[in-house]
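Colleague: Top line first, the protein sequences correspond to chains A and B.
Numbering of the first sequence is given in this note's numbering, commencing with residue 329 and proceeding in unit increments.
Numbering of the second sequence is given in this note's numbering, commencing with residue -15 and proceeding in unit increments.
Here's a structure for you.
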Amino acid sequence: MVLQTIWFFLWGLLWAVYFMTDGFDLGLGSLLPFVARDEKDRRAVYRAMGPIWDGNEVWLIAAGGVTFAAFPTVYAVMFSSLYSPLMLILFALILRGVSFEFRSQVESAAWRRMWDAGTFVGSFLPAVLFGVAFANIFQGIPFDGNGVYRGSLLTLLNPYGLLGGLLFLLLFLEHGALWLAVKTDGPLHDRAVSTAKTLWPAVLVAAVLFLGASAAATDLYANYLGQPLLSLVILAAVAGLLGIRFFLRSGAAWKAWIASSLAIGSATFYGVIGLFPAVFPSSLDPAYSLTAHNASSSPLTLKIMLGVTLAFVPVVLAYQTWAYMLFRDTVHGEEEPDVHY
Amino acid sequence: MEVLWLSRLQFAVATFFHFLFVPLTLGLSVLIAIMETAHVKTGDEEYLRMAKFWGKIFLINFVIGVVTGITLEFQFGTNWSRYSAFVGDIFGSLLAIEATAAFFLESTLIGVWAFGWNRLSKKAHATVMWLIAGASTLSAVWILIANAWMQHPVGYTIRNGRAELTDFAAVVFQKFAVLEFIHTVSAAFILSAFFVMGVSAYHLLRRQHVSFFTRSFRIALVFGLVFSAVEVLEGHLHGADLAEKQPAKLAAMEAHWETSTNVPKYLLALPDEENERNTLELFPLPGMLSLLAGHSVDAEVTGLRDIPGDERPPVLISFLSFNLMVGLGFYFLLITVVGWFKRNRLTESPFFLRIMLYSIPLPYLASELGWTLAEVGRQPWIVYGLMKTSEAFSPVAASQVAFTLVAFVAIYGLLGAVGFYFMARIARRGPLPA
Chain A
329 MVLQTIWFFL
339 WGLLWAVYFM
349 TDGFDLGLGS
359 LLPFVARDEK
369 DRRAVYRAMG
379 PIWDGNEVWL
389 IAAGGVTFAA
399 FPTVYAVMFS
409 SLYSPLMLIL
419 FALILRGVSF
429 EFRSQVESAA
439 WRRMWDAGTF
449 VGSFLPAVLF
459 GVAFANIFQG
469 IPFDGNGVYR
479 GSLLTLLNPY
489 GLLGGLLFLL
499 LFLEHGALWL
509 AVKTDGPLHD
519 RAVSTAKTLW
529 PAVLVAAVLF
539 LGASAAATDL
549 YANYLGQPLL
559 SLVILAAVAG
569 LLGIRFFLRS
579 GAAWKAWIAS
589 SLAIGSATFY
599 GVIGLFPAVF
609 PSSLDPAYSL
619 TAHNASSSPL
629 TLKIMLGVTL
639 AFVPVVLAYQ
649 TWAYMLFRDT
659 VHGEEEPDVH
669 Y
Chain B
-15 MEVLWLSRLQ
-5 FAVATFFHFL
5 FVPLTLGLSV
15 LIAIMETAHV
25 KTGDEEYLRM
35 AKFWGKIFLI
45 NFVIGVVTGI
55 TLEFQFGTNW
65 SRYSAFVGDI
75 FGSLLAIEAT
85 AAFFLESTLI
95 GVWAFGWNRL
105 SKKAHATVMW
115 LIAGASTLSA
125 VWILIANAWM
135 QHPVGYTIRN
145 GRAELTDFAA
155 VVFQKFAVLE
165 FIHTVSAAFI
175 LSAFFVMGVS
185 AYHLLRRQHV
195 SFFTRSFRIA
205 LVFGLVFSAV
215 EVLEGHLHGA
225 DLAEKQPAKL
235 AAMEAHWETS
245 TNVPKYLLAL
255 PDEENERNTL
265 ELFPLPGMLS
275 LLAGHSVDAE
285 VTGLRDIPGD
295 ERPPVLISFL
305 SFNLMVGLGF
315 YFLLITVVGW
325 FKRNRLTESP
335 FFLRIMLYSI
345 PLPYLASELG
355 WTLAEVGRQP
365 WIVYGLMKTS
375 EAFSPVAASQ
385 VAFTLVAFVA
395 IYGLLGAVGF
405 YFMARIARRG
415 PLPA
């Protein structure tokens, strides 16, 4: 019981870290056509993500792997139910990865424009689709007692799901703009800051709408009513959002980015806490819902995986922090012979 | 039924394609690390230029390997949900360990390596490549342990309608996994060695960058020779292990129908599945199959007729993929031995260089044939003896899978064409002038 609960929240944590890290890559990739005016700007945008996006993406693989290891039934039913959106996300992420690599291979403006479009689509689609998918999970997915999905392709594109997609997109755009502000100086930095400022009210409105709509569309609040202290996570999300605006005003871009990370992490946990103990609720009948208790691995596997996770995740965090620190200085878009991209 | 076949086809496309890039990542990382270390030790700038040149090809290859690997991890859930629910307790944890213990390190450090030339000391930069090589190999360890478990499940019990873990060490350290690891990683190292030798041969034939590519060639030659020898020896142990653990696969790949002792190995044969016999059997080596499979000419080798019809793998595919792979394996050993004697006069051996240039695709072919044998030869089982492939697929609409299958073929086709084009272009252009 305790093990399953620990795993439930570790599962949530891995998704949260994925959104906090790769979230800014996805946001920045989606902003590329709008914040970068020339090739120099675009190179700077790529270099702002270049050394770290790949490491960030592994949090997705870890989140997927942990879903498989700790909650195999969830992994099976979730990924087959969400077959089309998940495949679309994966294709998009493939496109993003190779766009980064291929665009600098040919000295041609048309060639680069093509892969810039790839970067945009490959970042924009996952940002929206992760939001749509998670909002639908919060709401419940129509699958039966045998784990067979009973909805259609369009079932997921309901108003609440779309609102989730919009919220994720806006959060990631804001996160990406702030990362660009941290990593650049001069006019590109100024444009990143003003983009973040312009986007901010929209993020706030989407967040408030989502919190409200969740009351009507989901059962997320049941846990919060039972244990009001949990509402601190909602306060943390709001504090993060307000913090972004506060630090933007004082010109401390990296603090604003930390605040944005807090907002994204708390927003993820807002949903995760609300779901508990369900990992993947069914909208057809609560009895079909997959929970931390009825869908988990055996105690032995949970124990071994807990050991592995507790041993390795801190190490991963340590060397990823080292990598971030190694590339902490601002990037520029000038052509340099020894810089990849 | 349609969903089953579409899903199998999609998995085959995704896996074959992914494995066009994995071996070069595994092996070239080691070769580049050797070059960088040689630079640190000797101070010779040419080794640094070598690391940078091969590194450019490595990075393109690496990225395609990474992005196509992600789809594989998720495909177990999307297309093989019944399998995933049945084995997740064991198989899922192995994939999760791969991500946390190995893949994180590899992916984080690749950015450090690519962008860190001016930020790290020479020694630290070389160390990063060694760590990338180590982490890639460690990734392979966990993935191959997972595959070995599908080939020969151990350390489990059937409880709650699924396979649950009872003995983690038995899963991790089983002989099948150890052999599969040595086999696959050696194959990857051979492929990388032939890649480097082939590209070097291209330039040596044109007598350009002679010192640069002679050095590259020789480093790869030693690597290729050693692991070709390892592969042939290990291959023998592997076959003997199969006789014990997957008799159906062994019988199919050898096209051996009648259970008997003192079984010969035919150098040329052609199986006829319908009539359960071989239409052609030429050049027998008396008692050889018994000797290889059971360490004695008197050893009994199970024939396909003693395996129920619905538990036999496709014979022709298993047989052809096995024999072609083995033939290629011997060729790799032979040609690298020849290379060893020509190592000091490479530019005077244009015929040999041309052979090496045209040999670049052969280890790719051998690797894919090896996986064909491993996976097709395990059929009809997805987990040998435990779960059939026909019971494993997801309850999704055939139209969905058909659509993504077409998308996979289109996207991967394009990706492969562009990726290999760039790798070939960098290879042809050669290193930057000193």
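Just so you know, even glycine gets a beta-carbon here, dropped at the ideal spot from N, CA and C.
The model shown is predicted, which means the values in this text are computed figures rather than measured ones.
1. On the three-state DSSP scale, how would you describe residue 244 of chain B?
2. List, in order along the chain, the chain B residues whose C-beta lies closer than 7 angstroms to that of residue 382 of chain A?
3. Quick one: residues in its chain with C-beta nearer than 8 angstroms to the C-beta of residue 225 of chain B, no 5 flanking neighbours on either side, listed in chain order?
4. Would you list the one or two residues that DSSP bridges to residue 268 of chain B?
5. Tell me the residue span of the beta strand (DSSP E) that contains residue 149 of chain B.
6. For a quick check, are the C-beta atoms of residue 44 of chain B and residue 403 of chain B less than 7 angstroms apart?
7. Does any CB atom of chain A fall closer than 7 angstroms to the CB of residue 378 of chain B?
8. What residues from the stretch 643 to 661 of chain A come within 7 angstroms of chain B, judged by C-beta to C-beta, listed N to C?
9. Tell me the DSSP secondary structure of residue 7 of chain B in three-state form.
10. Compare the Cα-Cα distances from residue 71 of chain B to each of A/419, A/406 and A/398 and report the closest residue.
11. How would you list, in chain order, the residues of chain B whose beta-carbon sits under 8 angstroms from the beta-carbon of residue 406 of chain A?
12. Return yes when the Cβ of residue 463 of chain A is within less than 7 angstroms of the Cβ of residue 425 of chain A, no when it is not.
13. When the distance is taken between beta carbons, is residue 409 of chain A closer than 7 angstroms to residue 471 of chain A?
14. Applying the 10 Å Cβ sphere with the 16-neighbour rule, what's the burial state of residue 326 of chain A?
15. Which residues bound the alpha helix (DSSP H) around residue 372 of chain A?
16. Quick one: is residue 635 of chain A buried, meaning 16 or more other Cβ sit within 10 Å of its Cβ, or exposed?
17. Could you check where the alpha helix (DSSP H) with residue 356 of chain B kicks off and where it finishes?
18. Run through DSSP, which three-state label would residue 329 of chain A get?
19. When the distance is taken between beta carbons, is residue 537 of chain A closer than 7 angstroms to residue 520 of chain A?
20. Look up residue -15 of chain B in the DSSP assignment and say whether it is helix, strand or coil.
21. Label residue 144 of chain B either buried or exposed according to how many other C-beta atoms from any shown protein chain fall within 10 Å of its C-beta, with 16 as the threshold for buried.
22. Any Cβ of chain B within less than 7 angstroms of the Cβ of residue 487 of chain A?
23. Measuring CB to CB, does residue 120 of chain B end up less than 7 angstroms from residue 9 of chain B?
24. Below 8 angstroms CB to CB, which residues in the same chain sit around residue 135 of chain B once its five sequence neighbours on both sides are set aside?
25. Please confirm if residue 626 of chain A has its CB atom under 7 angstroms from at least one CB of chain B.
26. Assuming residue 607 of chain A is part of the beta strand (DSSP E), what are its boundary residues?
27. Output needed for residue 584 of chain A: all residues of its chain with C-beta closer than 6 angstroms, excluding positions within five of it in sequence on either side, in chain order.
28. Count the other C-beta atoms from every protein chain shown that fall within 10 angstroms of the C-beta of residue 627 of chain A, then say buried if there are 16 or more, exposed otherwise.
29. Counting C-beta neighbours from all protein chains within 10 Å, is the total for residue 296 of chain B 16 or more, i.e. buried, or is it exposed?
30. Output yes if chain B places a C-beta closer than 7 angstroms to the C-beta of residue 433 of chain A; else output no.
31. Can you find a C-beta in chain B that's less than 7 angstroms from the C-beta of residue 389 of chain A?
32. Are there three or more Cβ pairs, one per stretch, closer than 8 angstroms when the stretch 232 to 247 of chain B is compared with the stretch 294 to 314 of chain B?
33. Classify residue 54 of chain B: buried if its beta carbon has 16 or more other beta carbons within 10 angstroms, exposed otherwise.
34. Count the C-beta pairs between the stretch 412 to 419 of chain A and the stretch 32 to 44 of chain B that are closer than 8 angstroms, then say yes if the count reaches three, no if not.
35. Could you give the distance in angstroms between the alpha-carbon of residue 270 of chain B and the alpha-carbon of residue 251 of chain B?
36. Check residue 186 of chain B in the structure and name its three-state DSSP category.
Modeller: According to the structure shown:
1. Translated into positions along the second sequence, residue 244 of chain B becomes position 260. DSSP places residue 244 of chain B in strand when its eight states are reduced to three.
2. Counting from 1 along the first sequence, the entry for residue 382 of chain A is found at position 54. By Cβ distance, chain B contributes 50, 91, 94 and 95.
3. Reading the second sequence from its first residue, position 241 is the one you call residue 225 of chain B. Excluding positions up to five away in sequence, the list reads 159, 160 and 163.
4. On the second sequence, residue 268 of chain B is found 284 positions in, with the first residue counted as 1. According to DSSP, which records beta bridges pairwise, residue 268 of chain B is partnered with B/250.
5. One-based indexing of the second sequence puts residue 149 of chain B at position 165. 146 to 149 is the extent of the beta strand (DSSP E) around residue 149 of chain B.
6. If you number the second sequence from 1, residue 44 of chain B lands on position 60. If you number the second sequence from 1, residue 403 of chain B lands on position 419. Yes, these two residues count as a Cβ contact at 7 angstroms.
7. Position 394 of the second sequence, counted from the start, is the residue given in the question as residue 378 of chain B. Chain A contact via Cβ: present.
8. 644, 647, 648, 651, 654 and 655
9. Translated into positions along the second sequence, residue 7 of chain B becomes position 23. Looking at residue 7 of chain B - three-state DSSP - the assignment turns out to be helix.
10. Counted from its first residue, the second sequence places residue 71 of chain B at position 87. Nearest option by C-alpha distance: A/398.
11. Translated into the one-based positions of the first sequence, residue 406 of chain A becomes position 78. Here the neighbours are 61.
12. For the purposes of this step, residue 425 of chain A is taken as residue 97 along the first sequence, with counting starting at 1. For the purposes of this step, residue 463 of chain A is taken as residue 135 along the first sequence, with counting starting at 1. No, the pair does not count as a contact, with Cβ atoms beyond the cut-off.
13. On the first sequence, residue 471 of chain A is found 143 positions in, with the first residue counted as 1. On the first sequence, residue 409 of chain A is found 81 positions in, with the first residue counted as 1. In contact: residue 471 of chain A and residue 409 of chain A (Cβ atoms closer than 7 angstroms).
14. Here chain A covers residues 329 to 669 and nothing more, so residue 326 of chain A does not appear.
15. By 1-based counting over the first sequence, the position of residue 372 of chain A is 44. Unbroken alpha helix (DSSP H) run through residue 372 of chain A: 367 to 377.
16. Along the first sequence, one-based indexing puts residue 635 of chain A at 307. By the neighbour-count rule (16 or more Cβ atoms within 10 Å), residue 635 of chain A is not buried but exposed.
17. In the second sequence, counting from the first residue as 1, residue 356 of chain B sits at position 372. Its alpha helix (DSSP H) spans residues 345 to 360.
18. As a position in the first sequence, residue 329 of chain A is number 1, starting the count at 1. The answer is coil: DSSP assigns residue 329 of chain A none of H, G, I, E or B.
19. In the first sequence, counting from the first residue as 1, residue 520 of chain A sits at position 192. In the first sequence, counting from the first residue as 1, residue 537 of chain A sits at position 209. The answer is no: Cβ separation not under 7 angstroms.
20. On the second sequence, residue -15 of chain B is found 1 positions in, with the first residue counted as 1. Three-state DSSP puts residue -15 of chain B in coil, outside helix and strand.
21. Indexing the second sequence from 1 puts residue 144 of chain B at position 160. Exposed.
22. Residue mapping note: residue 487 of chain A aligns to position 159 of the first sequence, counting from 1. Answer no: the Cβ-Cβ gap between residue 487 of chain A and chain B never drops below 7 angstroms.
23. What you label residue 120 of chain B is simply residue 136 of the second sequence in a count that begins at 1. What you label residue 9 of chain B is simply residue 25 of the second sequence in a count that begins at 1. Yes, the pair counts as a contact, with Cβ atoms nearer than the cut-off.
24. Indexing the second sequence from 1 puts residue 135 of chain B at position 151. These residues qualify, in order along the chain: 160, 164, 229, 230, 358, 362 and 368.
25. As a working mapping, residue 626 of chain A is identified with position 298 in the first sequence. So, interface residue.
26. As a first step, residue 607 of chain A is located in the first sequence; it is residue number 279 there, counting from the start. It spans 606 to 608 - the beta strand (DSSP E) in which residue 607 of chain A sits, taken as one unbroken run.
27. Counting from one through the first sequence, the residue named residue 584 of chain A turns up at place 256. Excluding positions up to five away in sequence, the list reads 506, 572, 575 and 576.
28. Position 299 of the first sequence, counted from the start, is the residue given in the question as residue 627 of chain A. Looking at its Cβ environment, which holds fewer than 16 other Cβ atoms inside 10 Å, residue 627 of chain A is exposed.
29. In the second sequence, the residue the question calls residue 296 of chain B occupies position 312. Residue 296 of chain B should be labelled buried.
30. As a working mapping, residue 433 of chain A is identified with position 105 in the first sequence. Yes, contact with chain B.
31. In the first sequence, the residue the question calls residue 389 of chain A occupies position 61. At least one chain B Cβ lies under 7 angstroms of residue 389 of chain A.
32. yes
33. Mapped onto the second sequence, residue 54 of chain B falls at position 70. Residue 54 of chain B should be labelled buried.
34. no
35. Here residue 270 of chain B refers to the residue found at position 286 of the second sequence. Here residue 251 of chain B refers to the residue found at position 267 of the second sequence. Their backbone Cα atoms lie some 11 angstroms apart in a straight line.
36. Position 202 of the second sequence holds residue 186 of chain B. Helix at residue 186 of chain B.
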